[in-house]
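Peer 1: Respectively, the protein sequence lines represent chains X and A.
Residues 28 to 225 (this note's numbering) make up the first sequence, in order.
Residues 28 to 225 (this note's numbering) make up the second sequence, in order.
Protein chains: 2
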Amino acid sequence: MSAIKLRNVALSHFARYGYEGASLSKIAEEVGIKKPTIYSHYKSKEDLFLSVVKYVFHLEKRQIFLYFQKEDKSDLKSKLEGFFDWFEAEFNLSDTTKFLLRMSYFPPPALRNEMFQLSTAFIDGMERLLYKMMKQHQIQGELNGINMKDAALAYLTLVDGVIVELLFAGTNRYKKRADVAFPIYWRGIHSINKEYLL
Amino acid sequence: MSAIKLRNVALSHFARYGYEGASLSKIAEEVGIKKPTIYSHYKSKEDLFLSVVKYVFHLEKRQIFLYFQKEDKSDLKSKLEGFFDWFEAEFNLSDTTKFLLRMSYFPPPALRNEMFQLSTAFIDGMERLLYKMMKQHQIQGELNGINMKDAALAYLTLVDGVIVELLFAGTNRYKKRADVAFPIYWRGIHSINKEYLL
DNA sequence: GTCTATAGTTGGATAGAC
DNA sequence: GTCTATCCAACTATAGAC
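See the structure below:
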């Protein structure tokens with residue numbers, strides 16, 4: 028009954044080597060079973076992959092939701108700013124995020140449509156979550172006169188821009204980007220001075 | 028003498044299917060030659076790949092340099108803002124950018140170090156190019172009191188955040204991100220009002 | 001559920017004729 | 001430079017014993 032371990036090892040291999048680059052032999056080897064045993068759990072490589080995909084999307088959504096729900100940093104700025112540190116820790120802890128990013132950006136061609144729908148739904152969910160949260164802080168007076176939908180979308184853009192640096196340039200450059208770009212974003216959504224609109 | 032066509036087809040296949048997913052048989056088929064003929068041009072798949080990599084980095088650097096050098100939009104804001112439209116056109120025209128992004132984010136494991144160095148150098152070059160250009164506009168008085176290195180880095184972060192949306196969500200969402208996030212960035216680097224620093 | 005054995009295909013790569 | 005023919009290793013997947 029190594030179904031869970033199998034899924035976790037598969038996740039890690041897909042994240043590191045891609046769908047085509049991942050080998051069922053090597054996955055089985057790391058799990059400690061023989062290759063044909065995989066087929067008693069999943070009927071094909073695609074089946075295994077899709078199982079991992081669904082698991083990862085569910086997990087990631089939940090994790091991010093929990094982060095923003097936490098009460099220890101109750102003001103919005105701390106939450107948005109602190110997200111980068113939290114994310115880096117998550118990223119280094121497991122391969123789920125790397126898997127999610129890789130398979131969203133470059134899905135196996137045969138599963139392109141399914142992946143597109145899943146990742147679009149995921150991003151939409153993030154946008155709604157952020158929007159809802161920012162709206163609450165607007166009522167509390169922290170974000171007067173700001174277009175919340177734009178602010179949420181721009182924040183997601185910022186997050187993506189910082190994260191891709193983590194993918195291939197490592198922790199140091201990631202942190203630098205976050206430290207530099209977030210304050211500019213934060214000032215950008217607050218400066219409603221018309222002088223700067225053109 | 029189909030060396031150039033071979034390189035272009037290989038580029039397109041690596042971009043769409045990844046290093047492992049690309050097949051020399053299929054590449055040869057699309058070129059209109061037989062598979063062993065590839066080996067009269069390149070001594071291995073890795074060799075073909077690295078040849079494409081160097082070509083693409085050279086090309087991309089040159090393209091971006093030329094865009095920012097152009098004189099038709101001489102003010103900085105137009106250039107930074109117009110980059111997104113220009114980039115989208117480039118992206119849809121060929122697979123070079125997709126190749127570059129894919130192989131920078133998720134290089135073939137055996138070539139991880141080489142790719143890391145190449146993409147780091149590329150990004151550094153972009154940062155210097157932007158910094159230099161912004162510095163000129165600062166002298167002209169367009170960007171008073173702004174930390175140029177930070178502004179350049181934040182702009183690259185913005186660009187990356189917008190581009191990744193193009194990778195998997197398509198043109199519409201890409202444009203939306205650019206339209207929403209750029210003005211916030213632009214205001215962010217201009218609002219030196221200390222009220223918004225904390 | 002897990003194994004051994006193996007089918008069937010495709011992968012990258014080479015030898016040698018033209 | 002391009003081909004045919006071929007090699008060998010690796011892949012996904014299946015059959016059938018335990």
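We put the CB at the ideal spot given by N, CA and C, even for glycine.
Can you have a look at X:A148 and say buried or exposed, based on whether 16 or more other CB atoms are within 10 angstroms of its CB?
Peer 2: exposed
Peer 1: Report the start-end ranges of each alpha helix (DSSP H) in the stretch 118–206 of chain A that is 4 residues or longer and not cut off at the edges.
Peer 2: For the stretch 118–206 of chain A, the full-length alpha helix (DSSP H) segments reaching 4 residues or more read 123–132, 139–166, 175–196 along the chain.
Peer 1: Would a check of beta-carbon distances place X:G48 closer than 8 Å to chain A?
Peer 2: yes
Peer 1: Our contact map puts X:L103 next to X:M161 with C-beta atoms below 8 Å; I'd like the distance itself, whole angstroms only.
Peer 2: About 7 Å; that satisfies the 8 Å criterion.
Peer 1: For A:T184, decide whether its Cβ has a neighbour in chain X, counting only Cβ atoms nearer than 8 Å.
Peer 2: yes
Peer 1: Please classify X:L224 as buried or exposed, where buried requires at least 16 neighbouring CB atoms within 10 angstroms.
Peer 2: Unreliable placement is indicated for X:L224, whose pLDDT of 43 sits below 50; the coordinate value is still reported in the next sentence. Answer is exposed; the Cβ neighbour count stays below 16.
Peer 1: Using the Cα positions of X:A37 and X:I190, report the straight-line distance between them to the nearest angstrom.
Peer 2: 23 Å
Peer 1: How about A:Y212 and X:I211: do their beta carbons lie closer than 8 Å?
Peer 2: yes
Peer 1: Against X:V207, what residues of chain A qualify as contacts under a CB-to-CB distance less than 7 Å, listed in chain order?
Peer 2: D177, L180, A181
Peer 1: What does the alpha-carbon distance come out to for the pair A:L77 and A:I31?
Peer 2: 14 Å
Peer 1: What are the residues in the stretch 116–141 of chain X lying within 7 Å of chain A by C-beta distance?
Peer 2: R129, S131, Y132, F133, P136
Peer 1: If we cut at 8 Å on Cβ distances, does X:A148 have a partner in chain A?
Peer 2: no
Peer 1: Counting along the chain, where does the alpha helix (DSSP H) carrying X:A55 start and finish?
Peer 2: Per DSSP, X:A55 belongs to the alpha helix (DSSP H) from 51–58.
Peer 1: Going by Cα to Cα distance, which pick from X:I173, X:L180, X:A205 is closest to A:A178?
Peer 2: The shortest CA-to-CA distance from A:A178 to any of X:I173, X:L180, X:A205 is the one to X:A205.
Peer 1: Kindly confirm or deny that the stretch 60–74 of chain X and the stretch 106–118 of chain X touch, where touching means at least three C-beta pairs closer than 8 Å.
Peer 2: At 8 Å Cβ cutoff, the stretches do not touch.
Peer 1: Could you pull out every residue in the same chain whose Cβ sits closer than 6 Å to the Cβ of X:P134, ignoring the five residues on either side in sequence?
Peer 2: M142
Peer 1: Is the CB-CB distance between X:A181 and A:A196 below 8 Å?
Peer 2: Against a cut-off of 8 Å, the Cβ pair of A:A196 and X:A181 comes out as no contact.
Peer 1: Could you check which residue in A:H68, A:Y66, A:D122, A:L86 has the C-alpha nearest to that of A:F41?
Peer 2: A:D122
Peer 1: Chain A partners of X:F195, CB-CB under 7 Å?
Peer 2: S131, Y132, F143, S146
Peer 1: How many whole angstroms separate the CB atoms of X:L33 and X:H68, which I take to be in contact at a CB cut-off of 8 Å?
Peer 2: 6 Å
Peer 1: Less than 7 Å between C-beta atoms, sequence neighbours within five positions excluded: which residues of the same chain meet that for A:A55?
Peer 2: K61, K62, T64, I65
Peer 1: Is X:S218 helix, strand or coil when you go by DSSP?
Peer 2: coil
Peer 1: Around the C-beta of A:Y46, are 16 or more other C-beta atoms found within 10 angstroms, so that it is buried, or is it exposed?
Peer 2: buried
Peer 1: Nearest to X:I216 by alpha carbon, out of X:D187, X:E192, X:K176, X:G188?
Peer 2: X:K176
Peer 1: With C-beta atoms as the reference, is X:E115 less than 8 Å away from X:Y201?
Peer 2: yes
Peer 1: With a threshold of 8 Å between beta carbons, is X:Y82 in contact with chain A?
Peer 2: no
Peer 1: For A:L194, which of X:D187, X:L193, X:R43 has the nearest alpha-carbon?
Peer 2: X:D187
Peer 1: Taking the alpha carbon of X:I173 as the point to measure from, which residue in X:G59, X:R155, X:R214 has its own alpha carbon closest?
Peer 2: X:R214
Peer 1: Taking buried to mean at least 16 other C-beta atoms within 10 Å of its own C-beta, is X:S101 buried or exposed?
Peer 2: exposed
Peer 1: From the DSSP output, in three-state form, read off X:Y44 for me.
Peer 2: helix
Peer 1: Let me know if X:Y53 comes out buried or exposed under the rule of 16 or more other beta-carbons within 10 Å of its beta-carbon.
Peer 2: Correcting the residue type first, residue 53 of chain X is Lys in the shown sequence and not Tyr. Exposed, by the Cβ-count rule.
Peer 1: In chain X, what lies closer than 8 Å to A:Y44 by C-beta?
Peer 2: E47, P136
Peer 1: At the 8 Å Cβ level, is A:R89 part of the contact set with chain X, yes or no?
Peer 2: no
Peer 1: Note down the Cα distance separating A:N171 from A:M153, rounded to an integer number of angstroms.
Peer 2: 22 Å
Peer 1: By how many angstroms is the C-alpha of X:S105 removed from the C-alpha of A:G168?
Peer 2: 34 Å
Peer 1: Assuming the contact rule is C-beta atoms closer than 8 Å, A:L138 and A:E87 should be a hit. Round their C-beta distance to whole Å, please.
Peer 2: Actually they are not in contact, since the Cβ atoms of A:L138 and A:E87 sit about 18 Å apart, beyond 8 Å.
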